[in-house]
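*Asks:*
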Amino acid sequence: MDAILQFLIDWGYWGLFLGSFIAGSVLPFSSEAVLAACVGPLGLDPVISIAAATAGNVAGGMTCYWMGHLGNMEWIEKYFHVKKEKMDRAERFVHGRGAWMAFFAFIPILGSAISIVLGMMRANIWIVILAMTIGKILRYALLVWGVLEASALIH
Numbered sequence: 001m002d003a004i005l006q007f008l009i010d011w012g013y014w015g016l017f018l019g020s021f022i023a024g025s026v027l028p029f030s031s032e033a034v035l036a037a038c039v040g041p042l043g044l045d046p047v048i049s050i051a052a053a054t055a056g057n058v059a060g061g062m063t064c065y066w067m068g069h070l071g072n073m074e075w076i077e078k079y080f081h082v083k084k085e086k087m088d089r090a091e092r093f094v095h096g097r098g099a100w101m102a103f104f105a106f107i108p109i110l111g112s113a114i115s116i117v118l119g120m121m122r123a124n125i126w127i128v129i130l131a132m133t134i135g136k137i138l139r140y141a142l143l144v145w146g147v148l149e150a151s152a153l154i155h
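Under UniProt numbering, the first residue of the sequence shown carries the number 1, and numbering increases by one thereafter.
1) Whole angstroms is fine: what's the gap from P108's alpha carbon to A90's?
2) Could you check how far apart the C-beta atoms of A105 and M132 are, in whole angstroms? I think they sit under 8 Å.
3) Using 8 Å as the threshold, is the stretch 123-132 in touch with the stretch 71-80, meaning 3 or more CB pairs across them?
4) With respect to 6 Å, is the separation between the Cβ of W66 and the closest non-hydrogen atom of the ligand MN below this value?
5) Check whether the stretch 83-98 and the stretch 45-54 touch, using three or more Cβ-Cβ pairs below 8 Å as the test.
6) I believe Y140 touches L35 by the beta-carbon criterion, under 8 Å. Please report the beta-carbon distance rounded to the nearest angstrom.
7) Starting from the C-beta of A37, find all residues in its chain whose C-beta is less than 7 Å away, skip the five residues before and the five after it, and write them out in chain order.
8) Could you check what DSSP says for G40 in three-state terms: helix, strand or coil?
9) So, with DSSP's three-state summary, where would you put N124?
10) Let me know if L153 comes out buried or exposed under the rule of 16 or more other beta-carbons within 10 Å of its beta-carbon.
11) If you compare alpha carbons, which of V117, D2, C64 and E32 is closest to E85?
12) So, at 6 Å on beta carbons, what are the nonlocal neighbours of S20 in its own chain, with the 5 sequence-adjacent residues on each side left out?
13) Can you give, in chain order, each stretch of the beta strand (DSSP E) that sits fully within the UniProt domain "VTT" (33-144) and has at least 3 residues?
14) Who are the Cβ neighbours of S112 in its own chain at under 6 Å, not counting the five residues just before and after it?
15) Are F93 and G135 close, meaning C-beta to C-beta below 7 Å?
16) Given a cut-off of 7 Å, decide if S151 and G71 are closer than it, judged by their beta-carbon atoms.
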C-alpha cells in the first residue's frame, strides 16, 4: 500500500485525481493521505489539489451510482464486494430524502453504498452530481485547511 501511495503522490495532481477516483469507488483507499501529502510536503497548489481530488472522487462516486443504476444486486455483492447489510443501511439513510443525500457520499464505508442506492433509486443524476460535489469539496477543503494550519504550526 505504501508503494501505491508513493506512486500516486509522485504523479502530483494526476495521482491525486486517480487516488481520489479509487477512493470514491468501492475500493478501500485513502484519498485524504494523498491529498495531505500533495499540499503538505510537496507544496502543490491547495485550490488545484482540492479540484483534482474532488473531480476524481465524484467520478468514483458516479461509478458507484452507475453500478446501482444497473440494478443487479448479485453483481454488486459478488464483484464489488458491497454487502447487502451495508446497502440496506444506506437505503434506510437515503429513503424518502432523495438525490440530495448524495451530499453524504463522502462518509467513509457508507458513502459508496449511498451512491449505489441512489443509482438503484434512479435519483436525479444532476442533483446527485451537484450534491456529491458540494459534500466532497467541503470535506477536502476542510482537510487542506487542517494540513496547512498544522504545517504553519510546525514551521
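Built from N, CA and C at the ideal position, the CB exists for glycine as well.
These numbers were taken from a predicted model, which means no experiment stands behind them.
*Replies:* The structure says:
1) 12 Å
2) 5 Å
3) no
4) The ligand MN is not among the ligands present in this structure, which contains no ligands whatsoever.
5) no
6) 6 Å
7) I9
8) coil
9) coil
10) exposed
11) V117
12) S31, A53, G56 and N57
13) none
14) V26 and C64
15) no
16) no
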